[in-house]
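Heads up, the working numbering is the position in the sequence shown plus 518, with the first residue counted as 1.
All C-beta atoms in this analysis are idealised placements derived from N, C-alpha and C, irrespective of residue type, glycine included.
Small disclaimer: the values here were computed from a predicted structure and weren't measured.
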Amino acid sequence: MSEKTEAPSTQESSTPEIKRPGEILRAAREARGWTQEEVCQKLNLLPSYVPALENHEFDILPGKTFVRGYLRTYARLLDIGPDEIMTAYYHYFAEQDAEPQHSPLQSIKPEREESTWAPKIMTLLVVVVVVGLAVFWWQSRNPSEVVAMLNDNNAPIAVDTLDGRTILEPVTSPQATPNPEIAQDPANPSVTEEEATADAEATEVSTTQEAQATTEETPATPETEETATDQASAAPENTQGPAAAANAQNKLVLVFKERCWLQIKDADNKTLLSGIRQQGEEVTLEGRAPFNLNIGNGGGVRVYYQGEEISVAEHVRANGTARFNVGA
Numbered sequence: 519m520s521e522k523t524e525a526p527s528t529q530e531s532s533t534p535e536i537k538r539p540g541e542i543l544r545a546a547r548e549a550r551g552w553t554q555e556e557v558c559q560k561l562n563l564l565p566s567y568v569p570a571l572e573n574h575e576f577d578i579l580p581g582k583t584f585v586r587g588y589l590r591t592y593a594r595l596l597d598i599g600p601d602e603i604m605t606a607y608y609h610y611f612a613e614q615d616a617e618p619q620h621s622p623l624q625s626i627k628p629e630r631e632e633s634t635w636a637p638k639i640m641t642l643l644v645v646v647v648v649v650g651l652a653v654f655w656w657q658s659r660n661p662s663e664v665v666a667m668l669n670d671n672n673a674p675i676a677v678d679t680l681d682g683r684t685i686l687e688p689v690t691s692p693q694a695t696p697n698p699e700i701a702q703d704p705a706n707p708s709v710t711e712e713e714a715t716a717d718a719e720a721t722e723v724s725t726t727q728e729a730q731a732t733t734e735e736t737p738a739t740p741e742t743e744e745t746a747t748d749q750a751s752a753a754p755e756n757t758q759g760p761a762a763a764a765n766a767q768n769k770l771v772l773v774f775k776e777r778c779w780l781q782i783k784d785a786d787n788k789t790l791l792s793g794i795r796q797q798g799e800e801v802t803l804e805g806r807a808p809f810n811l812n813i814g815n816g817g818g819v820r821v822y823y824q825g826e827e828i829s830v831a832e833h834v835r836a837n838g839t840a841r842f843n844v845g846a
């Protein structure tokens with residue numbers, strides 16, 4: 519007979535199963551005969567917190583820290599060691615209890631506000647440039663613009679005669695438009711009778727013929743004829759031409775070759791003539807010598823004194839004006 523040997527069965531040691539924390543707390547509560555509402559009152563918790571702890575519904579509780587605190591407090595109330603409850607809690611809910619890792623906060627630097635000075639500086643620069651250009655334009659203006667009012671063709675010319683009458687003569691349309699300038703620096707060179715006599719000996723014949731030819735070729739305007747008629751009553755010899763009219767004492771004759779502005783005063787500082795004269799006009803003046811002549815266009819007029827022509831060319835300045843005395 520063969521004997522059968524049975525191998526001894528190995529007994530595997532098994533670790534006792536760890537209960538969940540909610541089950542441990544529920545069993546201890548029921549053993550004491552307490553309801554969930556009574557536990558909530560003893561722990562001063564909301565009515566829903568004790569059922570959530572026993573049913574492991576930790577999501578409705580404020581957070582993981584509060585869950586661990588409630589479990590320890592509940593265990594002490596039931597005379598259970600807090601370590602036992604926490605061991606069961608970490609055994610089943612260690613992953614859920616892990617705090618989420620937060621990335622470190624990055625310091626956010628506030629963006630620098632765009633400077634508000636840039637528009638103000640640009641505006642200030644524009645204002646400075648405009649003011650500078652205005653000052654430069656003002657300083658660079660031509661001084662001759664000051665006498666632009668003298669070129670007003672619509673203004674009448676006032677002529678004072680020897681007998682105290684004032685004749686207003688409108689200016690005819692200009693044939694040439696030069697811009698006469700008033701002399702700025704006073705210069706009063708006197709012309710002696712000896713120099714005038716010496717010049718007259720060489721130019722008397724030619725001057726007389728030219729003056730008479732100019733008078734015959736230029737038709738007199740109605741205003742000029744009226745003025746000549748008034749002056750003829752006081753000085754009949756003036757109707758014979760510039761040379762004949764100048765033979766009288768202290769008479770000044772002017773024959774205009776071009777449009778010209780001038781001002782003439784006598785020894786009493788009385789203004790005998792002031793204004794613009796046109797080409798072809800002839801004016802005879804009487805007064806007390808010496809006469810002061812201020813001519814804007816020195817090359818546009820011939821001057822006769824006591825029948826002799828006075829040289830205007832030697833008194834003409836670089837700007838075309840002439841200022842001198844006659845009959846000193």
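Chain-order list of residues whose beta-carbon lies under 7 Å from that of proline 879 (same chain, five-residue window excluded): The displayed coordinates of the chain run from 519 to 846. Any statement about residue 879 would go beyond what the structure contains.
CB contact flag (glycine 816, valine 830, <7 Å): Their beta carbons are under 7 Å apart, which means glycine 816 touches valine 830 by this criterion.
Local conformation of glutamine 797 per DSSP, three classes: coil
Beta bridge counterpart(s) of leucine 774 as assigned by DSSP: A quick correction: the sequence has phenylalanine, not leucine, at residue 774. Answer by DSSP bridge pairing, in chain order: Val819.
Glutamate 826 - partner residues in DSSP beta bridges: Answer by DSSP bridge pairing, in chain order: Tyr823.
Alpha-carbon spacing of threonine 747 relative to threonine 802, whole angstroms: Confidence in threonine 747 is poor, its pLDDT being 39 and thus under 50, which makes the residue's placement unreliable; the coordinate value appears in the next sentence. Approximately 12 Å between the Cα atoms of the pair.
DSSP-derived helix/strand/coil call for lysine 560: helix
Cβ contact check for the stretch 795-809 and the stretch 825-841: 3 or more pairs under 8 Å: no
Lysine 769 burial status per 10 Å Cβ neighbour count (16 or more: buried): With 16 or more Cβ atoms within 10 Å of its Cβ, lysine 769 is classed as buried.
6 Å CB neighbourhood of proline 565 in its chain, flanking five on each side removed: Cys558
For lysine 582, the three-state DSSP class (helix, strand or coil): helix
Rounded straight-line distance, which links the Cα of glycine 650 to that of proline 637: 20 Å
Buried or exposed by the 16-neighbour rule on C-beta atoms within 10 Å, applied to glutamine 824: buried
Beta-carbon spacing of leucine 543, tyrosine 592 below 7 Å: yes
Spatially closest choice to tyrosine 822 from Gly838, Asn812, Glu541, Gly845, by CA coordinates: Gly845
C-alpha gap between alanine 836 and arginine 820, whole angstroms: The straight-line gap from Cα to Cα measures roughly 19 Å.
Element boundaries [beta strand (DSSP E), containing phenylalanine 654]: Looking at the DSSP string, phenylalanine 654 is not in any beta strand (DSSP E); the run it does join, the alpha helix (DSSP H), is 635-657.
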